[in-house]
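The sequence shown lines up with residues 2 to 76 when you count with the working numbering.
Right, one structure below, let's go through it.
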Amino acid sequence: MNTNEQLFRIIIEDGFSKGDVTVFDRYASPDFVEHQYGFIPPNAEGVKERIRSLHTAFPDFSMTIEDLVTDDDKV
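Spelled out as C-alpha cells, the structure:
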C-alpha cells in the first residue's frame, strides 16, 4: 500500500466515516483544493463542513471502501 492510498483510507475511514474532521488539519496542505462541485469554500474547511453536515443529518453515516484503484500518485 503506498502513502497516497494510506492517506485516502485515513480520510475516508476517519474523516468521513467517523466524522473526525481533524484529519484535514493533520494531512491537508494549506493550498488544498477540493474539485468536487458544491464544497464551499472549495478547500479543507469546505470538506470539514460537509462532513459535519453529513453527520448532523445522518448520525450513523459511514463510507466503506470496496475497491480502490491507484496509479502512481493518483488514487
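Just so you know, even glycine gets a beta-carbon here, dropped at the ideal spot from N, CA and C.
Spatial distance of residue i from residue j (CA atoms)
i: Ala45; j: Asp74; result: 20 Å
i: Thr4; j: Met64; result: 20 Å
i: Leu55; j: Glu67; result: 20 Å
i: Gln37; j: Ile12; result: 15 Å
Proximity below 7 Å, CB of residue i to CB of residue j
i: Lys49; j: Phe17; result: no
i: Val76; j: Phe9; result: yes
i: Ile52; j: Val22; result: yes
i: Gly47; j: Glu35; result: yes
Residues near residue i in its chain [Cβ-Cβ closer than 6 Å; skip 5 each side]
i: Ala29; result: Ala45
Residue i, DSSP secondary structure in three states
i: Lys49; result: helix
i: Asp74; result: coil
i: Ala29; result: coil
i: Ser63; result: coil
i: Gln7; result: helix
i: His56; result: helix
i: Asp68; result: coil
Whole-angstrom C-beta distance between residue j and residue i, which should lie under 8 Å
i: Glu14; j: Leu69; result: With a Cβ gap of about 11 Å, Glu14 and Leu69 do not count as contacting.
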